[in-house]
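In the working numbering, the protein residues as written are 20 to 282.
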């Protein structure tokens with residue numbers, strides 16, 4: 020385990036390296052004459068970030084000071100850090116990763132689509148934080164009838180509360196629906212700044228009294244992995260299911276079902 024001294028040394032080295040790789044032109048400053056050292060000066064970084072020069076100097080020197088997330092975000096912006104570099108800066112300065120706001124728009128990698136095709140016997144689909152069904156295999160389509168919905172309505176939450184066929188599929192809909200909504204609420208909290216997820220919740224409140232009631236109750240359950248019963252052709256089948264994060268930065272989740280051995 021790294022000591023605080025070692026971490027501060029790494030922080031100092033990291034900040035200097037990021038500062039020295041930038042030129043004045045990169046941040047909209049005049050290049051001026053020759054510089055004795057490469058990159059930006061400390062006072063330039065501090066001024067552009069709107070932070071105190073002394074405080075930034077102490078941070079770059081690896082001194083034992085505490086800084087706010089706003090301070091680090093301003094430094095990240097000026098030094099043009101990408102997502103990985105920003106996370107690294109937070110870990111070095113705070114010993115914990117930053118909170119990244121969730122994004123609802125994303126593209127499913129081709130590899131994940133091939134993986135779902137390989138899971139031909141197991142219903143599998145990909146969700147974003149808004150619970151749009153972005154991709155699915157044939158087995159999932161046969162179970163959930165995704166193709167019967169236009170892409171803009173191919174949303175698991177919308178289908179769960181507005182589609183009579185989906186309601187009949189869940190053998191214990193009255194028990195499952197609040198638990199599933201509780202899982203969605205966790206994703207909503209992560210992406211509540213996104214206008215499209217807010218619009219979805221507002222529309223759901225209007226079209227589904229049950230959704231409105233469950234949403235107002237604010238119940239929080241454990242993540243609903245495990246077992247679920249579906250009614251298929253008049254028979255009840257038990258499925259086991261799990262959810263796998265396939266791209267943390269894009270907030271994509273692969274959901275896979277498998278029939279229980281008890282069937």
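Heads up, the beta-carbon is just placed ideally off N, CA and C, and yes, glycines get one too.
query                                                                                                                          : result
Where residue 30 falls, given that 16 or more other Cβ within 10 Å makes a residue buried                                      : buried
Cutoff 8 Å; reference residue 207; Cβ partners in own chain excluding five residues on either side                             : 148, 216 and 220
Top-ranked residue by Cα proximity to residue 69, from 204, 112 and 92                                                         : 92
Cβ shell of residue 191 (< 7 Å), same chain only, five flanking positions each side left out                                   : 248
Residue 217 in three-state terms, based on DSSP                                                                                : helix
Under the three-state DSSP convention, the category residue 278 falls into                                                     : strand
Reference residue 84, options 112, 43 and 196, closest by Cα                                                                   : 112
Minimum C-alpha distance to residue 193 - residue among 179, 203, 205 and 204                                                  : 179
Residue burial classification, residue 173 (beta-carbon count within 10 angstroms, cutoff 16)                                  : buried
Cβ-Cβ separation, residue 50 to residue 44 (assumed contact under 8 Å), whole Å                                                : 6 Å
Rounded Cβ spacing between residue 59 and residue 46 (contact assumed at less than 8 Å)                                        : 7 Å
Within 8 Å, strictly: CB atoms of residue 272 and residue 130                                                                  : no
One or two residues paired with residue 174 in a DSSP bridge                                                                   : 151
Outcome for residue 21 when other beta-carbon atoms lying within 10 angstroms are tallied against a minimum of 16              : Because the pLDDT at residue 21 is just 45, under 50, the model does not fix this residue reliably, and the point stays unresolved.
8 Å Cβ cutoff met for residue 27 and residue 64                                                                                : no
Top-ranked residue by Cα proximity to residue 202, from 234, 81 and 171                                                        : 234
Residue 81 classed as buried or exposed, judged by whether at least 16 other C-beta atoms fall within 10 angstroms             : buried
Proximal residues to residue 274 (C-beta, below 6 Å), its chain only, five neighbours per side dropped                         : 144 and 262
Pairwise C-alpha distance: residue 210 and residue 125                                                                         : 13 Å
Assigned secondary structure, residue 235 (DSSP; H/G/I helix, E/B strand, else coil)                                           : helix
Near the ligand SAH: residue 174 beta-carbon under 7 Å from a heavy atom                                                       : Looking for the ligand SAH in the displayed structure turns up nothing, as the structure carries no ligands at all.
Cut-off 7 Å between Cβ atoms - residues of its own chain near residue 40, not counting five sequence neighbours on either side : 58
Member of 32, 280, 276 and 281 whose CA lies at the smallest distance from the CA of residue 156                               : 276
Helix, strand or coil at residue 226 [DSSP, three-state]                                                                       : helix
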